[in-house]
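Reviewing the structure listed below.
Numbering (the numbering used here), first residue to last: 2 to 160.
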């Protein structure tokens, strides 16, 4: 017999949100993908009502809003995740990504640098820093960051 899951279980809502996100990522149809991301966002929102200080939930909901093309809705969740866990590199990377989407290139670069300071071997952070530095026309620094990302395996295995 399975365990009884209460309707107001953070774990249940978070798991449901993750399943919907997985469905969305696997969907080839734009409308099915969008519907699954919407369902994921709703489940994460419900989980956050039950556990408003869960940094992982804030990051996951922010990422879901980014997938839906809603950086304005993603931003406060990534800000909250950074506030709750300021030394978590992935939260800094996520926050940088939404700032990048919103056109705040200097803010994104600062967050990517913080992510790198916290996790120096994070290839995604180095690759993201390289991209934003290219946009800021800091060509030599962008090339250096890109070389570091590649040395850490960026570009291998489909990344």
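Note that CB positions come from ideal geometry on N, CA and C, so glycine has one too.
On a predicted model such as this, the values are computed, not experimentally measured, just so you know.
| Item | Value |
| --- | --- |
| Check whether residue 155 and residue 125 have beta carbons under 9 angstroms apart | yes |
| Local Cβ density within 10 Å of residue 65, reported as buried at 16 or more and exposed below that | buried |
| Integer Cβ distance of residue 129 from residue 94, believed to fall under 8 angstroms | 7 angstroms |
| Through-space distance from residue 143 to residue 10, alpha-carbon basis | 45 angstroms |
| Length at least 3, wholly inside the segment 68–136: the beta strand (DSSP E) runs in chain order | none |
| Burial state of residue 15, where buried means 16 or more other Cβ atoms lie within 10 Å | buried |
| Per-residue DSSP class, three states only, for residue 3 | At residue 3 the pLDDT is 47, less than 50, meaning the model places this residue with poor confidence and gives no usable figure here. |
| Minimum C-alpha distance to residue 137 - residue among 77, 105 and 57 | 105 |
| Residue 31 classed as buried or exposed, judged by whether at least 16 other C-beta atoms fall within 10 angstroms | exposed |
| Nonlocal neighbours in the same chain, by C-beta distance under 8 angstroms from residue 45, ignoring five residues either side | 14, 15, 18, 58, 61, 62 and 65 |
| Helix, strand or coil at residue 139 according to DSSP, with G and I counted as helix | coil |
| Residue 28 vs residue 37 beta-carbon contact at 9 angstroms | yes |
| Three-way DSSP call (helix, strand, coil) for residue 153 in this model | coil |
| CB contact below 9 angstroms: residue 128 versus chain C | Among the chains in the structure shown there is no chain C, since it carries only a single protein chain. |
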